[in-house]
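A.B. asks: The structure under discussion is supplied below as structure tokens; questions concerning it will follow.
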Amino acid sequence: AQSVTQLGSHVSVSEGALVLLRCNYSSSVPPYLFWYVQYPNQGLQLLLKYTTGATLVKGINGFEAEFKKSETSFHLTKPSAHMSDAAEYFCAVSDRYGGSQGNLIFGKGTKLSVKP
Amino acid sequence: GAGVSQTPSNKVTEKGKYVELRCDPISGHTALYWYRQSLGQGPEFLIYFQGTGAADDSGLPNDRFFAVRPEGSVSTLKIQRTERGDSAVYLCASSLQPGTSEQYFGPGTRLTVT
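Protein sequences appear in the order of chains A and B. Position one of the first sequence corresponds to residue 1 (our numbering), numbered consecutively onward. Position one of the second sequence corresponds to residue 1001 (our numbering), numbered consecutively onward.
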């Protein structure tokens, strides 16, 4: 069965600093990979996804993530944090094949705080 | 255009009661998903519809949970004999098709069982 591990339930950075949120997955076949963001009292919003092709994926709001098959990782980064980035971030995977294709398996989330 | 909407936004019910949670997906989206998010956890998959049929209901925790999508649009998640452990935020998402299509999430229904 697939699983997703997000290291660090809380990450705090200063405004302007690098943001690095870690995600590792466990799957026998490389899955589709996603990062979602959840702002307070709002629904989940897709930041970026990897399905095929280039392993460095660029998303909205200056975020990007790199799929590393050898490390089974899909870490999320942003060069310079902004106060508005404070939110909870979820890494998710889904099967490429089969009846469960599309069903997202989420990590527990990482809450990002940005200090002025 | 309109996004995914869910009603009610909040529901408080007593243990043992029956509840229905409604999801209106984005028009034209054939795939619809239900997830449950408990406090401090990521969303957990419950059931997925492709059109009117449940393509995968493997995430439903037990037979007290049931969902329908009779006309391939609106879906209702039904919970019988609610228990305190059912308290969570229930999320609905829709996508144009399953697989790589982006899932658009609604704001959720917060269910509290007292």
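Where is the CB? At the ideal position from N, CA and C, for every residue including glycine. Note that this is a predicted model, so its numbers are computed, not measured.
Go through its chain and collect everything with a Cβ distance to leucine 18(A)'s Cβ below 8 Å, but skip five positions before and after it.
C.D. replies: Same-chain partners within the cutoff: Thr77, Lys78, Pro79, Ser80 and Ala81.
A.B. asks: So with CB distances below 7 Å, who are the chain A contacts of tyrosine 1048(B)?
C.D. replies: Simply Gly102 and Asn103.
A.B. asks: Below 8 Å on C-beta distance, what does glutamine 42(A) contact in chain B?
C.D. replies: Those within 8 Å of glutamine 42(A) in chain B are Pro1107.
A.B. asks: Here's the rule I'm using: 16 or more other beta-carbon atoms within 10 Å means buried, otherwise exposed. How should proline 1098(B) be labelled?
C.D. replies: Burial call: buried.
A.B. asks: Whole-angstrom Cβ separation of threonine 118(A) and glutamine 2(A), contact assumed at under 8 Å?
C.D. replies: The question about residue 118(A) has no answer here: the residues shown for chain A are numbered 1 through 116.
A.B. asks: Let me know the secondary structure DSSP gives isoleucine 60(A) once reduced to three states.
C.D. replies: Of the three classes helix, strand and coil, the one that applies to isoleucine 60(A) here is helix, per DSSP.
A.B. asks: I need the DSSP call for serine 70(A), collapsed to helix, strand or coil.
C.D. replies: Note: serine 70(A) maps to helix in three-state DSSP.
A.B. asks: Please report the residue range of the beta strand (DSSP E) in which tyrosine 39(A) lies.
C.D. replies: Premise fails: tyrosine 39(A) is in no beta strand (DSSP E) and is neither H nor E.
A.B. asks: Express the C-alpha separation of threonine 52(A) and valine 29(A) in angstroms, rounding to a whole number.
C.D. replies: Taking the straight line joining both Cα atoms gives about 13 Å.
A.B. asks: Verify the CB distance criterion: does valine 1113(B) have a CB-CB separation below 9 Å to chain A?
C.D. replies: No - not a single Cβ of chain A is within 9 Å of the one on valine 1113(B).
A.B. asks: Under the three-state reduction of DSSP, which class applies to aspartate 1086(B): helix, strand or coil?
C.D. replies: Correct three-state label for aspartate 1086(B): helix.
A.B. asks: If you follow the beta strand (DSSP E) that alanine 92(A) is part of, which residue opens it and which one closes it?
C.D. replies: Its beta strand (DSSP E) spans residues 87 to 94.
A.B. asks: Does the CB of glycine 1040(B) have a neighbour CB from chain A at under 9 Å?
C.D. replies: For glycine 1040(B), the answer is yes, since a Cβ of chain A falls inside 9 Å of its Cβ.
A.B. asks: Using the beta-carbon count (16 or more within 10 Å), is arginine 1084(B) buried or exposed?
C.D. replies: The residue in question, arginine 1084(B), is exposed, as its Cβ has fewer than 16 Cβ neighbours within 10 Å.
A.B. asks: Starting from the beta carbon of leucine 46(A), find every residue of chain B whose beta carbon is closer than 7 Å, and list them in chain order.
C.D. replies: Those within 7 Å of leucine 46(A) in chain B are Glu1102.
A.B. asks: Given this structure, state the Cα-to-Cα distance separating asparagine 24(A) from glycine 1106(B), to the nearest angstrom.
C.D. replies: When rounded, the distance between both Cα atoms is 26 Å.
A.B. asks: Taking the straight line between their C-alpha atoms, what separation do you get for serine 1009(B) and serine 70(A)?
C.D. replies: Using only the alpha carbons, I get a separation of about 43 Å.
A.B. asks: Just the C-alpha distance for alanine 86(A) and threonine 72(A), rounded to the nearest angstrom, thanks.
C.D. replies: Distance between the alpha carbons of alanine 86(A) and threonine 72(A) is about 26 Å.
A.B. asks: To the nearest angstrom, how far is it from the Cα of tyrosine 32(A) to the Cα of phenylalanine 1049(B)?
C.D. replies: Cα-Cα distance, rounded: 19 Å.
A.B. asks: Does the beta carbon of valine 4(A) come closer than 9 Å to any beta carbon on chain E?
C.D. replies: No chain E is part of this structure, whose protein chains are labelled A and B.
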